[in-house]
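One structure is given here, and the rest of the page talks about it.
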Amino acid sequence: SQNEPSIAPQPGIMEISLYQGGASKIAGVENVTKLSSNENPFGPSDKAREAIVRAAHALHRYPNTDHASLRNAIGEVHGLDPDRIICGVGSDEIIHFLCQAYAGQGSEVLFTEHGFLMYRVSALAAGATPVAVRERDRVTDVDALIAAATPNTRLIFVANPNNPTGTMVGLPELERLARAVPQAILVIDAAYAEYVEDYDGGAELATRLPNVVMTRTFSKIYGLGGLRIGWGYGPREIIDVLNRIRGPFNLSSAALDAAEAAMRDRDHVTRCQTENARMRAWLAEALTEKGVPSDTSCANFILARFADVDTALACDEALKAQGLIVRQVAGYGLPNCLRITVGDEASCRRVAHVIGQFMAERA
Ligand code: PMP
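For the sequence shown, the positions run 2 to 364 when full-length UniProt numbering is used.
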């Protein structure tokens, strides 16, 4: 059958389901607004686009292999040692490197119940045992993670803020976790860090503790999801290990140049932060008024909660009929919720209007 290939892959691989999502079209609907992948509605900095045009003149050349220029730019902006930074094909690739290098058969990879899907995928791909640990009211529960750890735990992934819940825990809690489980690397996945005020994404912890790594991305606030670029920061020893399994040309020259230009355009970042914070608050309040509550989100999306699964699915259909694509999150164990990216003002108003109509008709 389809599930039993004649040449068997490594154990664990067939437990991975193919990725569902990312659709940007709806059959029969012309004008579609995609609010399902937490993308930046304003796109990247113009400087990033210009860098790509320049990179187009040297496409016959292999890209730079040590990523020094981009790592220096990241180091300057974030006040970090560039030698402790590694760049990858999205933060997905950094997650993958961590699992390949540190997990394997007989080891366990922990993550939170409603954590990002790639942790499980990368753990299984490495032959390790993925362990989903319960949360408390859709928030990371550090005590539960500590209780779930065993001598075989090698990695603990905590997205902070988390996708799709949008919630986060304080850095002292994460420090407590890292110290309680010294046999494992705590990976603070800070893909949405830029949407949180006064938050370093765990950079200071990753500077100070021997078992903390922070991952970041250019896919969210920098608006470069299509180029696939992310980075990790941590103890020199761990970054050295990850660099051994990184392909020498994992990032294209266009991606490297665009990411550097995007990193240096701080005004664009500030504008996107301000607009996200404004519309996130507006959307959350508008939906709550219409009977659809959400936890306070620290990211660029809202997890809208419905009374039951049927209502959530029907609301998704109503949004689709109006050309609005949001994300069902049953795969994350939240079947009665829809994750809605905070778009520009016009999209937020449309979403609120359609959900308002839907709830009024349903009442
Ligand atoms: N971590 C989290 C929590 C995410 O939500 C995402 C994107 N959906 C990623 C990592 C991966 O981002 P990328 O590979 O595009 O850097």
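Beta carbons are placed, not taken as given, at the ideal position from N, Cα and C, and that holds for glycine.
Small disclaimer: the values here were computed from a predicted structure and weren't measured.
- Helix, strand or coil: which one does DSSP assign to Lys-35? strand
- Residue burial classification, Ala-256 (beta-carbon count within 10 angstroms, cutoff 16): buried
- Task: Starting from Val-90, follow the beta strand (DSSP E) in both directions and report where the run begins and ends.
- Result: Here Val-90 belongs to no beta strand (DSSP E), and DSSP marks it neither H nor E.
- Identify the residues that DSSP records as bridge partners of Tyr-234: which are they? Ile-86, Met-215
- Task: Compute the Euclidean distance between the alpha carbons of Leu-111 and His-58, then round it to the nearest angstrom.
- Result: 45 Å
- Delimiting residues of the beta strand (DSSP E) encompassing Glu-205: That residue, Glu-205, is in no beta strand (DSSP E); its alpha helix (DSSP H) goes 204-209.
- Task: State yes or no: is the C-beta of Asn-39 within less than 9 Å of the C-beta of Ala-300?
- Result: Their beta carbons are under 9 Å apart, which means Asn-39 touches Ala-300 by this criterion.
- Message: Please return the same chain residues whose Cβ sits closer than 6 Å to the Cβ of Ala-285, not counting the five positions on each side in sequence.
- Response: Ser-295, Ile-303
- Message: Counting C-beta neighbours from all protein chains within 10 Å, is the total for Val-90 16 or more, i.e. buried, or is it exposed?
- Response: buried
- Message: Strictly by DSSP, which residues pair up with Ile-189?
- Response: Val-159, Met-215
- Verify the contact flag: Met-215, CB atom, against every heavy atom of the ligand PMP, threshold strictly below 8 Å. Incorrect: Met-215 has no Cβ contact closer than 8 Å to the ligand PMP.
- What residue does the beta strand (DSSP E) around Glu-109 start on, and which one ends it? Looking at the DSSP string, the run of the beta strand (DSSP E) that includes Glu-109 is 109-113.
- Query: For Thr-275, does the count of other Cβ atoms within 10 angstroms reach 16, so buried, or fall short, so exposed?
  - Reply: exposed
- Message: Looking at the ligand HEM, does it come within less than 8 Å of Ala-353, judged from the CB to the closest heavy atom?
- Response: With respect to small molecules bound, the structure shown includes the ligand PMP and not the ligand HEM.
- Item | Residue from Gly-248, Glu-174, Leu-178 whose Cα sits closest to the Cα of Ile-147 | Leu-178
- Query: To the nearest angstrom, how far is it from the Cα of Ile-8 to the Cα of Met-15?
  - Reply: 12 Å
- Same chain, Cβ closer than 7 Å to Gly-167, five either side skipped, listed in chain order: Asp-296, Ser-298, Cys-299, Ala-300, Phe-302, Ile-303, Leu-304
- Query: Looking at Lys-291 and Ala-353, is the spacing between their C-beta atoms short of 9 Å?
  - Reply: yes
- Residue from Phe-43, Cys-88, Gln-329 whose Cα sits closest to the Cα of Arg-340: Gln-329
- Leu-320 vs His-115 beta-carbon contact at 9 Å: No, they are not a contact pair.
- Are Ser-37 and Gly-23 touching if we call contact CB-CB under 9 Å? yes
- Message: Count Cβ pairs between the segment 99-111 and the segment 150-157 that sit closer than 8 Å; are there 3 or more?
- Response: yes
- Let me know the secondary structure DSSP gives Ser-2 once reduced to three states. Residue confidence for Ser-2 is low, a pLDDT of 48 falling below 50, so the modelled location carries little weight; the figure read from the coordinates is stated next. In the displayed model, Ser-2 falls within coil according to three-state DSSP, outside both helix and strand.
- Using three-state DSSP, classify Ile-8 as helix, strand or coil. coil
- Item | Straight-line gap, Arg-50 to Ala-259 (C-alpha atoms, nearest Å) | 7 Å
- Spatially closest choice to Gly-13 from Pro-173, Ala-74, Ala-129, Asn-244, by CA coordinates: Ala-129
- Item | Per DSSP, the bridge partner or partners of Arg-328 | Answer by DSSP bridge pairing, in chain order: Arg-340.
- Could you give the DSSP three-state label for Ala-126: helix, strand or coil? helix
- Query: Going by the C-beta, is Phe-219 closer than 8 Å to any heavy atom of the ligand PMP?
  - Reply: Yes, the beta carbon of Phe-219 sits closer than 8 Å to at least one heavy atom of the ligand PMP.
- Could you name the residues of the same chain whose beta carbon sits closer than 6 Å to that of Phe-43, not counting the 5 residues immediately before and after it, in chain order? Cys-273
- Which word fits Tyr-20, buried or exposed, when buried means at least 16 other C-beta atoms lie within 10 angstroms of its C-beta? exposed
- Item | Whole-angstrom distance between Arg-245 and Gly-227, CA atom to CA atom | 26 Å
- So, do the segment 64-80 and the segment 95-109 have three or more beta carbon pairs nearer to each other than 8 Å? no
- Query: Does the distance from the CB of Met-215 to the CB of Val-188 come in under 9 Å?
  - Reply: yes
- Buried or exposed by the 16-neighbour rule on C-beta atoms within 10 Å, applied to Asn-161: buried
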